Amino acid sequence: MTGLVLSVQGRPMNILYIMSDDHATNAISAYGSHLTSVFKTPSIDRLAAEGVRMDRTYCVNAICTPSRASVLTGQYGHINGVKTLRDPIPPDAVNVAALLKKGGYQTALIGKWHLKTEPFGFDYWKVGPGQGKYHDPIFIEKGTPYKLTKNLKTTPGYYTDLITDYALEWLKDRPADKPFALFLHHKAPHGKWEPAKRHLNFLENVEIPEPDSLWEDYSHRSEASRDFGTSISHRLADRRNMIDDVTSYKWPTAQLDMTGMTEEQKTKAAYQKYLKDYLRCVKAVDENVGRVLDYLDESGLTENTLVVYTSDQGMFLGEHDYFDKRWIFEEAFRMPFIARLPGQIPAGSSTDALCANIDFAPTLLRAAELPAPDAMQGKSFFNILNTGKQPKNWRESVYYRYWMHLNGHHIPGHFGVRTDRYKLIFYYGLALGATGAVDKQTQAGWELYDLQKDPQEVSNVYKNPEYSDISAKLKIELIRLKEEFGDSDKPYPDLKKVIEESWN
Ligand code: CA
Numbered sequence: 010m011t012g013l014v015l016s017v018q019g020r021p022m023n024i025l026y027i028m029s030d031d032h033a034t035n036a037i038s039a040y041g042s043h044l045t046s047v048f049k050t051p052s053i054d055r056l057a058a059e060g061v062r063m064d065r066t067y068c069v070n071a072i073c074t075p076s077r078a079s080v081l082t083g084q085y086g087h088i089n090g091v092k093t094l095r096d097p098i099p100p101d102a103v104n105v106a107a108l109l110k111k112g113g114y115q116t117a118l119i120g121k122w123h124l125k126t127e128p129f130g131f132d133y134w135k136v137g138p139g140q141g142k143y144h145d146p147i148f149i150e151k152g153t154p155y156k157l158t159k160n161l162k163t164t165p166g167y168y169t170d171l172i173t174d175y176a177l178e179w180l181k182d183r184p185a186d187k188p189f190a191l192f193l194h195h196k197a198p199h200g201k202w203e204p205a206k207r208h209l210n211f212l213e214n215v216e217i218p219e220p221d222s223l224w225e226d227y228s229h230r231s232e233a234s235r236d237f238g239t240s241i242s243h244r245l246a247d248r249r250n251m252i253d254d255v256t257s258y259k260w261p262t263a264q265l266d267m268t269g270m271t272e273e274q275k276t277k278a279a280y281q282k283y284l285k286d287y288l289r290c291v292k293a294v295d296e297n298v299g300r301v302l303d304y305l306d307e308s309g310l311t312e313n314t315l316v317v318y319t320s321d322q323g324m325f326l327g328e329h330d331y332f333d334k335r336w337i338f339e340e341a342f343r344m345p346f347i348a349r350l351p352g353q354i355p356a357g358s359s360t361d362a363l364c365a366n367i368d369f370a371p372t373l374l375r376a377a378e379l380p381a382p383d384a385m386q387g388k389s390f391f392n393i394l395n396t397g398k399q400p401k402n403w404r405e406s407v408y409y410r411y412w413m414h415l416n417g418h419h420i421p422g423h424f425g426v427r428t429d430r431y432k433l434i435f436y437y438g439l440a441l442g443a444t445g446a447v448d449k450q451t452q453a454g455w456e457l458y459d460l461q462k463d464p465q466e467v468s469n470v471y472k473n474p475e476y477s478d479i480s481a482k483l484k485i486e487l488i489r490l491k492e493e494f495g496d497s498d499k500p501y502p503d504l505k506k507v508i509e510e511s512w513n
């Protein structure tokens with residue numbers, strides 16, 4: 010069909026929610042970073058130039074599956090049941106897609122789902138099961154069993170391109186009498202990083218600038234995180250198996266040879282290798298965002314479609330000598346969030362209002378003029394998108410919790426609070442029965458960062474007497490947030506004991 014698809018009888022606009030996987034704000038040029046001089050994302054930047062860039066949007070647990078569950082339900086993991094990568098989301102969980110569908114929207118999910126339960130709340134879905142594959146992936150479509158079997162055929166092509174093809178096909182073929190809510194979820198740039206063939210040589214002869222905190226001296230850290238900070242588990246040079254494993258590549262990129270290198274040289278080489286493969290994967294995402302924006306223009310949909318670009322959480326791109334996510338540190342905790350709605354969202358605007366992924370579902374519902382159920386813990390920030398102004402009583406802090414103690418990348422369980430200026434972290438160092446967490450106690454400890462003076466988080470000031478009043482106030486705020494969001498310590502006597510011993 011051609012021409013403008015009008016919203017139905019006062020029904021609100023269409024929604025196109027694009028979410029990538031592990032896309033850090035530092036790898037989006039609209040956000041600006043040390044990488045901007047060598048790498049740009051023109052399509053995502055276009056969205057920012059025509060809409061709003063949210064500068065302080067955070068995930069409440071910086072890991073894939075729990076963040077996706079929080080986006081969908083508007084709830085923390087201890088409420089929706091998805092605290093770790095291994096927890097299934099209950100099929101009756103409150104769900105933004107189902108509520109949009111009930112509210113008259115045609116809903117679709119295309120791409121990565123990464124929740125164990127069969128997708129629910131969507132009129133149509135086509136997903137790459139689990140992590141999915143970059144090259145010649147497998148997809149499962151609604152109407153067939155949601156099960157990975159040997160009978161499933163691979164599709165020739167590159168995941169990022171293919172899901173965009175599918176999204177455009179769905180947009181062209183969908184019933185035109187209803188507004189749509191399309192959730193387009195990229196696998197990229199999640200590791201292991203396999204670029205499209207056309208990007209194999211992209212950035213080949215470019216020296217990628219290093220972040221200052223690549224060379225962080227961990228001595229400022231608490232003992233609760235210092236050992237983990239310096240362990241071999243997630244430093245770049247020691248994780249070549251993650252950075253350099255090309256066994257599954259269809260078109261392998263150059264492998265690292267670290268023979269004879271000093272430790273510093275190893276870190277530098279691993280960083281260059283990691284960043285180049287990562288940014289090559291982002292390059293394809295950006296191109297495909299551009300394809301979708303072009304289609305909206307060509308089909309007259311731009312004016313009445315809210316377009317969102319975000320990621321399920323951030324990612325360390327060598328900051329703190331890390332890759333992966335999970336820690337509450339900014340690069341993993343902070344999410345990109347860019348939104349465009351011509352005529353309603355001021356072009357080229359930005360805001361530093363504190364928002365969280367639990368707010369996404371209420372915000373999308375508000376955009377659709379549908380009520381958010383009380384069960385959702387987040388609040389709509391649609392008015393902030395529209396006006397750039399924070400409503401009275403808007404949140405002044407974000408509560409964070411990472412549950413999957415020592416799993417995978419050996420990061421200890423912790424919770425914390427971030428305000429406008431400060432971040433207080435408590436590493437409690439216990440598994441607490443969380444699925445997949447390693448049942449081994451590690452040292453408890455506190456860290457405090459003054460983000461105004463120390464945005465890189467390389468100077469823990471928890472033991473600095475000048476900050477004792479600040480940390481006392483933040484502890485009170487932490488207790489308040491735990492109560493507000495119903496994250497009680499009562500079921501965990503071991504945790505209560507650790508808190509009692511470590512509180513002061
Ligand atoms: Ca992720």
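Count along the sequence shown from 1, add 9, and you get the number used in this note's numbering. Positions of the beta carbon are idealized from the N, C-alpha and C atoms, including for glycine. Note that the structure is a prediction, hence the values are computed from the model and not measured.
Query: Using only the alpha-carbon positions, how far apart do Asp96 and Gln281 sit?; Result: 35 Å
Query: If you draw a straight line from the alpha carbon of Leu315 to that of Lys292, how long is it in whole angstroms?; Result: 23 Å
Query: So does His199 have its beta carbon nearer than 8 Å to some heavy atom of ligand 1?; Result: yes
Query: Is the beta carbon of Lys92 within less than 8 Å of some heavy atom of ligand 1?; Result: no
Query: Can you tell which of Tyr143, Lys156, Asn402 and Gly425 has the C-alpha that lies nearest to the C-alpha of Leu124?; Result: Lys156
Query: Please confirm whether any heavy atom of ligand 1 lies closer than 8 Å to the CB of Ile72.; Result: yes
Query: For ligand 1, any of its heavy atoms closer than 8 Å to the Cβ of Asp96?; Result: no
Query: Starting from Lys282, trace the alpha helix (DSSP H) both ways and give me its first and last residue.; Result: Glu272 to Glu307
Query: Taking all protein chains shown into account, do 16 or more other C-beta atoms lie within 10 angstroms of the C-beta of Arg289, making it buried, or fewer, making it exposed?; Result: buried
Query: Confirm the yes/no value for this check: CB of Asp478, any heavy atom of ligand 1, distance under 8 Å.; Result: no
Query: Look at the alpha carbon of Ser38 and the alpha carbon of Pro500, and state the distance between them as a whole number of angstroms.; Result: 44 Å
Query: Pairs of beta-carbons, one from the stretch 363 to 375 and one from the stretch 323 to 331, closer than 8 Å: are there three or more?; Result: no
Query: Is Asp30 near ligand 1, judged by its Cβ being under 8 Å from some heavy atom?; Result: yes
Query: Is Lys125 near ligand 1, going by C-beta to nearest heavy atom under 8 Å?; Result: no
Query: Name the two residues that bound the continuous beta strand (DSSP E) containing Ile347.; Result: Arg343 to Arg349
Query: Cβ-heavy atom distance between Lys334 and ligand 1 below 8 Å?; Result: yes
Query: Measuring straight from C-alpha to C-alpha, what distance separates Gln461 and Thr164?; Result: 49 Å
Query: Given 8 Å as the limit, tell me if Gln322 has its C-beta closer than that to any heavy atom belonging to ligand 1.; Result: yes
Query: Determine the extent of the beta strand (DSSP E) in which Lys201 is found, giving its start and end residues.; Result: Neither: Lys201 is in no beta strand (DSSP E) and is coded neither H nor E.
Query: So, at 6 Å on beta carbons, what are the nonlocal neighbours of Arg300 in its own chain, with the 5 sequence-adjacent residues on each side left out?; Result: Thr173
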